[in-house]
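Protein chains: 2
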Amino acid sequence: MLYFIGLGLGDAADITVKGLQAIKRCSRVYLEAYTSILTVGKEALEEYYGKELILADRDLVEQGADEILKDADVTDVAFLVVGDPFGATTHSDLVLRAVQAGIPYRVIHNASIMNAVGCCGLQLYNFGETVSLVFWTETWRPESFYDKICKNRSAGLHTLCLLDIKVKEQSVENLMRGRKIYEPPRYMTVQQAADQLMQIVQRRREEGEELGMTEDTVCVGLARLGADDQVVRTGTLRQLASCDLGPPLHSLVVSGRLHPLEVDMLRLTAEPDALKGLKAIDSSTYCS
Amino acid sequence: MLYFIGLGLGDAADITVKGLQAIKRCSRVYLEAYTSILTVGKEALEEYYGKELILADRDLVEQGADEILKDADVTDVAFLVVGDPFGATTHSDLVLRAVQAGIPYRVIHNASIMNAVGCCGLQLYNFGETVSLVFWTETWRPESFYDKICKNRSAGLHTLCLLDIKVKEQSVENLMRGRKIYEPPRYMTVQQAADQLMQIVQRRREEGEELGMTEDTVCVGLARLGADDQVVRTGTLRQLASCDLGPPLHSLVVSGRLHPLEVDMLRLTAEPDALKGLKAIDSSTYCS
């Protein structure tokens, strides 16, 4: 059996009892290590689970699937994923390979940012399409996520923005020379994400475009969600662009239409004056 | 401390280790029992947790919050929610009351249908707004969810449909006479949900409306997600309208634009010919 086991969001104890029991039965345990991170490292997990973990980077999962699947028809193998195995990044490819090889698989779910984001007080069923923000380079500054956010907002919906993670990236030079030297991992912060959005808003304004959001739009910055030291900070986009929420992982939410109960919840984590600019749309909803 | 603890989706062992540890510290443990159900009953949970559970129905949560919060500043109290505490139904009201009363609170997340639905093979970031389907009555047949599904589809997005749960409902007669006699609980099935959608499609067609979905649209029925006997069934809307997926809870997904990997995943659970009508939109996406 191949187990896909979600680890949840905080530390080692966020695994489910069912997931922990499954790990203990497995002869090999892989830890997917390129789409998310826990606030604790591999060693802490190994100690907690009482098992050695094999780090599975993107190369191993995409090109070394045979190694992961080896003997999984006669023994139990676990593939651990921070959050839920079918969260922001799905592992459909590995599922399909297992099925093709006649290996039964089972999913043990857990919380992921895709549902835990609800703790900020914005209601999950008022979220539209989720977007991803990538690190801009000198020559590549995509803005399509901005248009999706505005489309969600025009329908009254909030947007969860997943922020870029760069793990095991090579510099162009090292890549060209075939040197397997990797850059230090980079995790986009709420501050960086808000700054990117501010730049887009500014550019669109200069082009005379009608703006779907502004520097005063209410946003929520989330850091290390589910961990003991999680931070949830509500502010205008401008405020979040100068907020330091500490170590990774970070996510950002751009609000849409707000119900009074949502506003009350946001108030619990709001910067001074963050909600001051809210305008009543009708008797029971607000927007910024 | 007031703990909001998600129980996940399957049975007693789907709680996180952290959640279970918190329960063991608590002097009172409430089980929210009106927005979802596990496949195991209260007694099985009590045995597993080694704690007596107090059932919290809607009346208790909405009107008896003081009872839940009593002494939670000096002792630990847990409020258990199937899925995640901030999943489809949020418990913002209880959070706000706790904060007002100066009681610290903590959330221990878990999987909910809002993220676990990803296991069907449709990618979570391709989902639009979530909708709810309610049981129709003779005089009340709302259709607004249909328009939201079509709006999602026109943007290429999938739609998660949460299906109605009627627990502790009174008949009109019993309500009028003030008799606290309750009807047996009712849980909408995938079959019923698909049938409602078929009726709407048919009515809109007769009115000459341009259709955002049809009886041939590919949908996914989900039953008891996360439990040992979970069922995932992919079919056209018409096929799902005559599928029996067994006991509750059920959910339904209406597909939007499909990527080849999503189609491959759907194939694993597809009824014969379910995916036959897919049309290529461009070189890499399909729709029905």
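Sequence lines, in order, name chains W and P. When you read off a place in the first sequence, starting at 1, and then add 981, the result is the number in the working numbering. When you read off a place in the second sequence, starting at 1, and then add 981, the result is the number in the working numbering. Built from N, CA and C at the ideal position, the CB exists for glycine as well.
What is the DSSP secondary structure of residue i, reduced to helix, strand or coil?
{"i": "W:G1099", "result": "helix"}
{"i": "P:Y1163", "result": "coil"}
{"i": "P:L1247", "result": "helix"}
{"i": "P:I996", "result": "coil"}
{"i": "P:F1116", "result": "coil"}
{"i": "P:K1129", "result": "helix"}
{"i": "P:V1235", "result": "strand"}
{"i": "W:E1204", "result": "Looking at the sequence shown, residue 1204 of chain W is not Glu but Ala. Correct three-state label for W:A1204: strand."}
{"i": "P:R1122", "result": "coil"}
{"i": "W:R1158", "result": "coil"}
{"i": "W:K1051", "result": "coil"}
{"i": "P:A1255", "result": "coil"}
{"i": "P:A1003", "result": "helix"}
{"i": "W:A1025", "result": "helix"}
{"i": "P:A1261", "result": "strand"}
Let me know if residue i comes out buried or exposed under the rule of 16 or more other beta-carbons within 10 Å of its beta-carbon.
{"i": "W:L1144", "result": "buried"}
{"i": "P:E1043", "result": "exposed"}
{"i": "P:Q1183", "result": "exposed"}
{"i": "P:E1119", "result": "exposed"}
{"i": "P:K1129", "result": "buried"}
{"i": "P:A1059", "result": "buried"}
{"i": "P:R1185", "result": "buried"}
{"i": "W:E1188", "result": "exposed"}
{"i": "P:K999", "result": "buried"}
{"i": "P:L1156", "result": "exposed"}
{"i": "W:E1048", "result": "exposed"}
{"i": "P:G1031", "result": "exposed"}
{"i": "P:L1061", "result": "buried"}
{"i": "P:R1160", "result": "exposed"}
{"i": "W:V1153", "result": "exposed"}
Between residue i and chain P, is the shortest Cβ-Cβ distance under 9 angstroms, so that the two count as touching?
{"i": "W:G1083", "result": "no"}
{"i": "W:K999", "result": "yes"}
{"i": "W:V1076", "result": "yes"}
{"i": "W:L1271", "result": "Residue 1271 of chain W is absent from the model: chain W starts at 982 and stops at 1269."}
{"i": "W:K1132", "result": "yes"}
{"i": "W:L1226", "result": "no"}
{"i": "W:L1242", "result": "yes"}
{"i": "W:L1143", "result": "yes"}
For a cutoff of 9 angstroms on Cβ pairs, would you count residue i as touching chain W?
{"i": "P:T1111", "result": "yes"}
{"i": "P:A993", "result": "yes"}
{"i": "P:V1171", "result": "no"}
{"i": "P:Y1106", "result": "yes"}
{"i": "P:K1149", "result": "no"}
Just reading off the alpha helix (DSSP H) that residue i is part of, what are its end residues?
{"i": "W:I1018", "result": "Per DSSP, W:I1018 belongs to no alpha helix (DSSP H) and is neither H nor E."}
{"i": "W:Y984", "result": "Where W:Y984 is concerned, there is no enclosing alpha helix (DSSP H), although the beta strand (DSSP E) it sits in stretches over L983 to G987."}
{"i": "W:V1148", "result": "Counting along the chain, W:V1148 falls outside any alpha helix (DSSP H), and DSSP gives it neither H nor E."}
{"i": "P:A1174", "result": "V1171 to E1187"}
{"i": "P:S1073", "result": "S1073 to Q1081"}
Starting from residue i, find everything on chain P with Cβ-Cβ shorter than 7 angstroms and list it in chain order.
{"i": "W:S1017", "result": "Ordered by position in chain P, no residue passes the 7 angstroms Cβ test against W:S1017, which lies about 13 angstroms from the chain."}
{"i": "W:N1155", "result": "Those do not exist, as W:N1155 stays about 30 angstroms from chain P at its closest Cβ, beyond 7 angstroms."}
{"i": "W:S1093", "result": "N1096"}
Residues of chain P with CB under 8 angstroms from residue i, in chain order?
{"i": "W:C1100", "result": "P1066, F1067, V1088 and H1090"}
{"i": "W:D1284", "result": "Here chain W covers residues 982 to 1269 and nothing more, so residue 1284 of chain W does not appear."}
Which residues of chain W have a Cβ atom closer than 9 angstroms to the Cβ of residue i, listed in chain order?
{"i": "P:V1080", "result": "L1249"}
Which chain P residues sit within Cβ distance under 9 angstroms of residue i?
{"i": "W:Q1002", "result": "A994"}
{"i": "W:L1138", "result": "G1109 and E1110"}
Along chain W, which residues have their Cβ under 7 angstroms away from the Cβ of residue i?
{"i": "P:G989", "result": "T997 and H1090"}
{"i": "P:G1282", "result": "What the structure shows of chain P is the stretch from 982 to 1269, and residue 1282 of chain P is not part of that stretch, so it cannot be assessed."}
Starting from residue i, follow the beta strand (DSSP E) in both directions and report where the run begins and ends.
{"i": "P:A1037", "result": "I1035 to A1037"}
{"i": "P:F1060", "result": "V1058 to V1062"}
{"i": "P:L1143", "result": "T1140 to L1144"}
{"i": "P:I1089", "result": "Y1086 to I1089"}
{"i": "W:G1216", "result": "V1212 to T1217"}
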